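Data block below; observations after.
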Amino acid sequence: MLLQALAIAIAPGIAISILIYMLDQREREPVRLLVRCFLLGVLSVGIPLLMQLYAASQGWGASSEHLWQTAIFAFGIVGLSEELGKYIMLRFYAYPKRAFSEPFDGIVYSVMIGMGFATAENIAYVMQYGIGTGLVRMFISVPAHATFAILMGYYVGLAKFIPQHRRTLLLTGLFWAIAFHGAFDFFLFIGDNMFLMAGSLLSFYIAIRLSIRAIRYHREVSGRWKEKNYNKGEE
0 MLLQALAIAI APGIAISILI YMLDQREREP VRLLVRCFLL GVLSVGIPLL MQLYAASQGW
60 GASSEHLWQT AIFAFGIVGL SEELGKYIML RFYAYPKRAF SEPFDGIVYS VMIGMGFATA
120 ENIAYVMQYG IGTGLVRMFI SVPAHATFAI LMGYYVGLAK FIPQHRRTLL LTGLFWAIAF
180 HGAFDFFLFI GDNMFLMAGS LLSFYIAIRL SIRAIRYHRE VSGRWKEKNY NKGEE
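Residue numbers (numbering that gives the first Met the number 0): 0 to 234.
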């Protein structure tokens, strides 16, 4: 039973990581570097854990009676702390690497880190609440983390190759990851209103649509960017 629970907890993050790796068809990243990013994602859990423990000690948490408090908790504590933890690993480990050589790589590295985080979180939830929770998270929570990572990675990929707007693009990526993460959690935290909870699925759906566009755009842009630089080299 334990092995089955672990398999359910680990499988979705690994599957999404492999999918993104396969989509990187022009110049795939070193597997060793991707594994390190995945493991850094696992380690990044420590940052939001500390921030959320501190928030709990100060009496901050979700409240069905006070929506403003729930909003602050969802966006300013959970969304901010979790996406900031992943962003730090992406910005200061993957971003400077020479292997980060095209815009699509921003999505690849961001997803690896995001799936490491989601896998660690998933294991904790499955161990605490059981296989049923793992099955639900397999189709909702883990893919949601993937969309947050794709949106962040999209802007980080742009920042790498548009240096004059680097800071703005980096912060934009972090902002949208926090915004969609916060919206997803906010509606779940409300808990007692099914119509409002549907807002979580709506934000998830929008994030999926934007993520698909981001992947398509970066795959196209990366191809043109590679061809342009290849032709420059020939000249």
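Even for Gly, the Cβ is constructed at its ideal location relative to N, Cα and C.
All values reported here derive from a predicted model rather than from experimental measurement.
Simplified DSSP state of residue i, which is helix, strand or coil
i    : result
E101 : coil
I214 : helix
M114 : helix
H65  : coil
E81  : helix
G45  : helix
R90  : helix
K96  : coil
G58  : coil
Y11  : First, the amino acid is wrong: residue 11 is Pro here, not Tyr. In the structure shown, P11 sits in a helix (DSSP, three-state: H, G or I).
I207 : helix
E26  : coil
I19  : helix
I189 : helix
Q51  : helix
M0   : coil
I161 : coil
E234 : For E234, the predicted structure reports a pLDDT of 33, less than 50, and the residue's modelled location is therefore unreliable. The matter cannot be settled from this model.
Y229 : Model confidence at Y229 stands at a pLDDT of 41, short of 50, so the residue's coordinates are unreliable and nothing is read from them.
Assigned exposure category for residue i - 16 Cβ within 10 Å defines buried
i    : result
H65  : exposed
L150 : buried
G190 : exposed
V30  : exposed
Y53  : exposed
R97  : exposed
M21  : exposed
R17  : One point to set straight first is that residue 17 is Ile, not Arg, in the sequence displayed. Burial call: exposed.
G40  : buried
G84  : buried
Cβ shell of residue i (< 6 Å), same chain only, five flanking positions each side left out
i    : result
I15  : M114 and A145
P162 : none
P11  : M137 and V141
Y154 : L168, T171 and G172
A117 : G12, V141 and H144
Chain-order list of residues whose beta-carbon lies under 7 Å from that of residue i (same chain, five-residue window excluded)
i    : result
F183 : A143, S199, S202 and F203
S210 : T146, I149 and L150
I207 : T146
F99  : A93, Y108 and K159
Go through the region 118 to 144 residue by residue and report every complete run of the alpha helix (DSSP H) that reaches 4 residues or more, in order. 130 to 138
Stretch pair the region 48 to 62 + the region 122 to 138: three plus CB contacts closer than 8 Å: no
Counting Cβ pairs closer than 8 Å, one from the region 70 to 87 and one from the region 198 to 206, do we hit at least three? no
Are there three or more Cβ pairs, one per stretch, closer than 8 Å when the region 53 to 60 is compared with the region 86 to 101? no
Kindly confirm or deny that the region 123 to 132 and the region 155 to 170 touch, where touching means at least three C-beta pairs closer than 8 Å. no
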